[in-house]
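**Student:** Supplied in C-alpha cells, the structure appears directly below.
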Amino acid sequence: DQQVKQNSPSLSVQEGRISILNCDYTNSMFDYFLWYKKYPAEGPTFLISISSIKDKNEDGRFTVFLNKSAKHLSLHIVPSQPGDSAVYFCAANNFNKFYFGSGTKLNVKP
Amino acid sequence: EPEVTQTPSHQVTQMGQEVILRCVPISNHLYFYWYRQILGQKVEFLVSFYNNEISEKSEIFDDQFSVERPDGSNFTLKIRSTKLEDSAMYFCASSVQGAFRGQTQYFGPGTRLLVL
C-alpha cells in the first residue's frame, strides 16, 4: 500500500534557511492532508493540515502547499530552527482512515 | 496540558499469547485511533473508533485484533494470539472532532511490543 509517498528519507538544512519537505499521493479521493512531526521515543505531533479543496494553508513558520493536478504536497518551514530537527510524516485521509508516508528526517544545522 | 497516555511503555510477550494495550485518551475527545510502526518503517493506521463502534479499519486489523472502550476513560487494543510480526510500536491517538476533517489528532507516547 503506497498511496502516500515521501521519496526523500532525509534532508539537511542550515538554520535560518527554508526547509521543503515533499510528499506525493495516488488517491484522488483523499479529503485532507496532514503533516506530523516525530521525535525519537515520542508519538507523532500534529503540525498542520490542508483540505483537498484548498491549495495553501499557513500557520506561523509552517506552510503547506497542495498541487492536486500533480498529486503533490509540500511543507515549507521558514526560517528553519535546530529544534525543527525531527522526522516529518505526511499523511492523508479518506474519511476516518489514514495513510502515512515513510517519513523524511530533517536535520537543521546551527 | 492534557495528553494521551499509554500503558505499558514496553511489553514483551511470547508468540501465541494475548496482549492488551491500554490508552487513556484526552477526556473530552470523541474519536480514538490505533496505529503501529514497525521498526524502521512507516506509521500504519489500524483502526478508528467513534460512538462505541469501529469507524474504519485497515487491512492489517484482522480478526486477531479488537478494540474496546470498557469504561469512560480507557481505550484498549487487544491482540488475541500474537505473532512475531506484531512486534512494533503501537500508538493510540484521539481527537475532539474527527481527524478526517483535518482536526488535530493527539498521539500518545506509544507502547513498544516485542513478541518472542
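Protein chains in written order, with the numbering used here: chain A, 919 to 1028; chain B, 34 to 149.
Don't be surprised by glycine CBs; every beta carbon is placed ideally from N, CA and C.
None of the values given here were measured: they were computed from a predicted structure.
1. Need the endpoints of the beta strand (DSSP E) that B/I87 sits in, please.
2. Return the first residue and the last residue of the beta strand (DSSP E) that B/S99 is part of.
3. State the start and end residues of the unbroken beta strand (DSSP E) segment that holds A/A1004.
4. Measure the beta-carbon distance from B/Y124 to A/F1016 and round it to whole angstroms, keeping in mind my assumption that it falls under 8 Å.
5. Please list, in chain order, the chain A residues whose beta carbon lies closer than 7 Å to that of B/Q138.
6. So B/V37 and B/F140 are in contact, right, with Cβ under 8 Å, and what is the actual spacing, rounded?
7. Would you mind giving the Cβ-Cβ distance between A/Q924 and A/N940, rounded to the nearest angstrom? I have them listed as a contact below 8 Å.
8. Do B/G131 and A/S969 have their CB atoms nearer than 9 Å?
9. Does any residue of chain A bring its CB to less than 9 Å from the CB of B/R55?
10. Consider the C-beta atom of A/E933 and the heavy atoms of the ligand COA; say whether any pair is separated by less than 8 Å.
11. Residues in the same chain with beta-carbon distance under 8 Å from A/K989, minus the five sequence neighbours each way, listed in chain order, please.
12. 9 Å is my cut-off, CB to CB: does B/E89 come that close to chain A?
13. Nearest to A/S967 by CA position, among A/N1025, A/K955, A/S1003, A/S928, is which residue?
14. Give a yes or no on whether the minimum CB-CB distance between A/Y1006 and chain B is below 9 Å.
**Tutor:** Straight from the coordinates:
1. Per DSSP, B/I87 belongs to the beta strand (DSSP E) from 86–90.
2. First-last of the beta strand (DSSP E) with B/S99: 98–101.
3. Bounds of the beta strand (DSSP E) holding A/A1004 are 1004–1012.
4. The displayed chain sequence assigns Phe, not Tyr, to residue 124 of chain B. For B/F124 against A/F1016, the beta-carbon gap comes to about 11 Å, at or over 8 Å, which does not count as contact.
5. Going along chain A in sequence order, the residues near B/Q138 (Cβ under 7 Å) are F964.
6. The pair is a contact, with the Cβ atoms about 6 Å apart (cut-off 8 Å).
7. For A/Q924 against A/N940, the beta-carbon gap comes to about 7 Å, under 8 Å, which counts as contact.
8. Taking C-beta atoms as the reference points, B/G131 and A/S969 fail to come closer than 9 Å.
9. Chain A, which has no Cβ nearer than 9 Å to the Cβ of B/R55, makes this no.
10. Ligands displayed in this structure: none; no statement on the ligand COA is therefore possible.
11. Cβ neighbours of A/K989 beyond the five flanking positions: D942, Y943, T944, S946.
12. So yes, B/E89 belongs to the interface.
13. Of the candidates A/N1025, A/K955, A/S1003, A/S928, the one whose C-alpha sits nearest the C-alpha of A/S967 is A/K955.
14. Residue-level contact by beta carbon fails for A/Y1006 and chain B, as no gap is shorter than 9 Å.
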